[in-house]
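Number of protein chains: 2
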Amino acid sequence: MIRKISGGVTAARGFSAACCAAGIKYQGRTDMAMIYSDTPCAVAGTFTSNKVKAAPVLWDRQIVESGCTVQAVVVNAGIANAATGKAGMDLCEATATYTGKTFGIPASSVLLGSTGVIGPNIPLDRITSGVSMMKEMLSSTQEAGTAASKAIMTTDTVNKEFAVAFDLPAADGSGTVTVHLGGMSKGSGMIHPDMCTMLGYVTTDCAVSKELLVKALRSVVPDTFNMITVDGDTSTNDTLLLLANGQAGNKAIVAEDESYALFCEALLSVCHDLAVLMASDGEGATHLVEMRVYHADTKENARIFAKSVVGSSLVKAMIFGRDANCGRILCALGYAGPDFDPAVIELFLHGENETLCFYRDGFVQPFSEEKAAAILAEKAVRFSCDMKMGTAEATAWGCDLTHEYVTINGDYRS
Amino acid sequence: MIRKISGGVTAARGFSAACCAAGIKYQGRTDMAMIYSDTPCAVAGTFTSNKVKAAPVLWDRQIVESGCTVQAVVVNAGIANAATGKAGMDLCEATATYTGKTFGIPASSVLLGSTGVIGPNIPLDRITSGVSMMKEMLSSTQEAGTAASKAIMTTDTVNKEFAVAFDLPAADGSGTVTVHLGGMSKGSGMIHPDMCTMLGYVTTDCAVSKELLVKALRSVVPDTFNMITVDGDTSTNDTLLLLANGQAGNKAIVAEDESYALFCEALLSVCHDLAVLMASDGEGATHLVEMRVYHADTKENARIFAKSVVGSSLVKAMIFGRDANCGRILCALGYAGPDFDPAVIELFLHGENETLCFYRDGFVQPFSEEKAAAILAEKAVRFSCDMKMGTAEATAWGCDLTHEYVTINGDYRS
């Protein structure tokens, strides 16, 4: 059984975290964070599908694919190292080399992340002095993990961390041991993950083979981070990393058995919670929007339909205005791409205590405007669509489009 | 030579127009329009690619594909007949039958258009009394065409009409005759045409075969109406119709000769001007945004890159805020889809009097913030990208994302 516990990246044994105010761009707040494992970790990762891949993405991907173990992740916020040429990679190499020397580990075991305004160069000296500062502050406490999750925020309004615990057979055959898995993420704008989200870091003390770590991550991402959208803009820096140091003492997971299934369930739980919280905390958002599509012909089509609805600017604006202009949901399903029969589908709006059917038999149905307004006033606005085609289903999450989103992004750099 | 002239759908010989206040939804303004040709017209049309096709789209498409000639177009604004079932088609049939009887023409020569809020049913009696009223008011004056272009507006802030004249060889061999081509369109939100725009009507007195009329329309749409976006939402009602009654007395165009080329050029001119004005008048827009992509490998990829940039919420918001956060242009090119090399492309911001290069050699370049702010204060903001891959090019148009867009669409139905 998966048990939710408090904490984030330091919930798992052997992981510590730190953060500092390196003064890269922001004043009066922390803007660098690191995660450190006192023993080497197996690692899996997924990265942006944007053709413009930031240097840290290229750096991390190379390490993840090499099969090296890793021990540290260094992240900065404020200015994104999105450079695609040699200078961007030089900065990565210099940062990893300095961090490696500082901690007495290979540069190839240092992963990097960078988020903020795309463009201006990041001063290396601030990064290296940040790394030195953080070495002194590393701590395995829950507070250290929480502080790190705050240091990587940009326009996020809340930090994002979740953790779970579950039991697996012990390595020595003596009953079970408790395994921990926790993560943090950030992302509020330029969120339309297409492999993974902006920046997400999940740590676990589970003993699990690299191969199955990769497989587990790939199995949960399509239904979690890849099912959220804030504005349809897929970032150049999207990165999701999963580090496992094996310190829980469980019998190592090397096959797709019951333990693997439980591990996947734990990973799904944390990734789901992080992803939904990111959608809910989209730039300027006042509502979380959920769209569930069921009885679709294929899983892939269910995902496409659900994402089309939560990505529609008109649906997003109507939810901000709490206006039940539900024809827009139908319209967004229609231009999603896959075929369906508009004459048979049914569309619902779900409140805490009531469900309204607003489209059926090819027509927008009459509904109580009063009831609809009450449901649209809830913090989470949930729609569903019965496609009447098959058995597949998917859920996507987004947020409303608000004046505040425009204000934030009309003047992002200041 | 193509000469721009004033006017719209009544610029061509034999075409008249009318409008009236039918009281379908709006109060105190005209909300129905019609175009009428005193002789039968060949017709070409393109329609929405949305899987949910409104009944008027199905009605018109059936007529356009049947090879019938047409004489009338009846359009209503306020409530969109977006019904996809029998009731939607019943309303179309009743409207066309009534119009046919009123004018003494077949119901199959009556085309229909409908725009406004998707959903509630349209009262047939208001439509028929509108048709009767308009019969008494039909006029071939320029003013009647202009009034019709105003009656089909929804959230548009300006009416949209353009016309041109050009000379073609006379049918009787006696020198040349003047041919006219003019059009009107409407569309401000739910604009992301994917075959054509929301509602556009072009009339001409040119004598041209149905086959070449269709071919000419297909040749100009991909670079005009299909290259604009306001919000990425492809409407269920998009319709573009081109009617030709042959009254100019030119030698009929039946082959792809010089006359056909001139006709295409005239059609391109009017469609381009209507499309760009629609982008510029996008809901809440304060700026027109233009993205030109050149030296691309293929025309199709050039179009994809250009549309990705003008469709990006983050690019749109930054233009509203006049903030030269130009990394977002690079990001939007990156997630467009086709391959390119970010290390070699060059990106420019073009002002009336000055051009700034803001990305080159894989880096965001330093530029004068003062100059950039001055350029971003211009009404039309123009970007370009040299892909350094080939010889293809394309231009897309959009608008900025503003508080006003959110306000309009948060409360569209009231």
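Which chain is which? The protein sequence lines are L and Y, in order.
Residue 597 in our numbering is what sits at position 403 of the first sequence, and the numbering runs on without skipping anything.
Residue 503 in our numbering is what sits at position 309 of the second sequence, and the numbering runs on without skipping anything.
We treat Cβ as the ideally placed atom computed from N, Cα and C, and that holds for glycine.
Only a predicted model underlies this, so the values are computations on that prediction, with no experimental measurement involved.
Proximity of residue i and residue j at Cβ, strictly below 8 Å
i         : j         : result
Asn275(Y) : Asp225(Y) : no
Cys213(Y) : Ala342(Y) : yes
Asn431(Y) : Gly208(Y) : no
Phe552(Y) : Lys245(L) : no
Asn249(Y) : Gly294(Y) : The question names Asn, but residue 249(Y) in the sequence shown is Ala. Cβ distance not < 8 Å, so Ala249(Y) and Gly294(Y) don't count as in contact.
Thr398(L) : Leu434(L) : no
Lys501(L) : Ala590(L) : yes
Ala568(L) : Leu482(L) : no
Val237(L) : Val251(L) : no
Lys380(Y) : Ile422(Y) : no
Thr240(Y) : Val415(Y) : yes
Ala490(L) : Met581(L) : yes
Leu332(L) : Ala206(L) : no
Gln265(L) : Ile299(L) : yes
Ser413(L) : Arg486(L) : no
Ile523(Y) : Leu550(Y) : no
Ile348(Y) : Gly377(Y) : The sequence given here places Thr at residue 348(Y); Ile does not occur at that position. Not closer than 8 Å, so no.
Leu362(L) : Leu407(L) : no
Glu572(L) : Gly545(L) : yes
Lys620(Y) : Met472(Y) : Residue 620(Y) cannot be examined here, being either before or after the span of chain Y that is shown, 195 to 608.
Gly394(Y) : Phe419(Y) : yes
Val203(L) : Gly324(L) : no
Ala537(L) : Gly556(L) : yes
Gly521(Y) : Ile218(L) : no
Gly443(L) : Ala566(L) : no
Ser429(L) : Thr263(L) : no
Arg197(Y) : Ala359(Y) : yes
Thr233(L) : Gln441(L) : yes
Tyr488(L) : Glu587(L) : yes
Asp467(Y) : Thr351(Y) : no
Residues sharing a beta bridge with residue i, DSSP
i         : result
Asp451(L) : Paired residues: none, contrary to the question.
Ile229(L) : Ala211(L), Val267(L)
Val503(L) : Looking at the DSSP assignment, Val503(L) forms no beta bridge with any residue, so it has no partner.
Ala236(L) : Ala438(L)
Ile199(L) : Ala357(L)
Leu482(Y) : Ala574(Y), Cys593(Y)
Val487(Y) : Cys579(Y), Ala588(Y)
Worksheet entry | alpha helix (DSSP H) segments (min. 4 residues) lying fully within the region 362–445 of chain L | 404–414
Discussion item. With three or more C-beta pairs closer than 8 Å as the rule, is the region 219–235 of chain Y touching the region 497–516 of chain L?
Written reply: no
Discussion item. Taking 8 Å as the cut-off, does the region 324–331 of chain L touch the region 454–466 of chain L (at least 3 CB pairs, one atom from each stretch)?
Written reply: no
Worksheet item: Are at least three pairs of beta-carbons, each pair with one atom in the region 592–604 of chain L and one in the region 589–599 of chain Y, less than 8 Å apart?
Response: yes
Fill in: Length-filtered (4 minimum) alpha helix (DSSP H) runs lying within the region 273–344 of chain L
280–297, 318–331
Worksheet item: Mind pulling the beta strand (DSSP E) runs of 3 or more residues that sit fully within the region 240–277 of chain Y?
Response: 264–274
Practice prompt. Specify whether the region 461–476 of chain Y and the region 444–452 of chain Y touch according to this definition: at least 3 beta carbon pairs, one from each stretch, less than 8 Å apart.
Written response: no
Worksheet entry | Touching by the beta-carbon criterion (3+ pairs, under 8 Å), the region 285–299 of chain L and the region 316–326 of chain L | yes
Practice prompt. Using a Cβ-Cβ cut-off of less than 9 Å, list which residues of the region 506–527 of chain L approach chain Y; keep chain order.
Written response: Ser506, Ser507, Leu508, Val509, Lys510, Ala511, Met512, Ile513, Phe514, Gly515, Arg516, Asp517, Ala518, Asn519, Cys520, Gly521, Arg522, Leu524, Cys525, Ala526, Leu527
Fill in: Interface residues of the region 462–474 of chain Y facing chain L [CB-CB below 7 Å]
none
Worksheet item: Residues in the region 546–560 of chain L with C-beta within 7 Å of chain Y's C-beta atoms, listed in sequence order?
Response: Asp555, Gly556, Phe557, Val558
Worksheet entry | Every unbroken alpha helix (DSSP H) inside the region 540–591 of chain Y [4 residues or more] | 563–570
Practice prompt. Can you give me, in chain order, the residues of the region 233–260 of chain L that have a beta carbon less than 9 Å from any beta carbon in chain Y?
Written response: Thr242, Ser243, Asn244, Lys245, Val246, Lys247
Discussion item. Under 9 Å, CB to CB, which of the residues in the region 353–370 of chain Y have a partner in chain L?
Written reply: none
Worksheet entry | the region 583–598 of chain L: positions lying closer than 8 Å to chain Y by Cβ | Leu595, Thr596, His597
Practice prompt. Return the residues of the region 481–506 of chain Y that lie within a Cβ-Cβ distance of less than 9 Å from chain L, sorted by chain order.
Written response: Gly505, Ser506
Discussion item. To be precise: take each residue of the region 564–580 of chain L, compare its Cβ to all Cβ atoms of chain Y, and keep it if any distance is under 7 Å. Which residues remain?
Written reply: none
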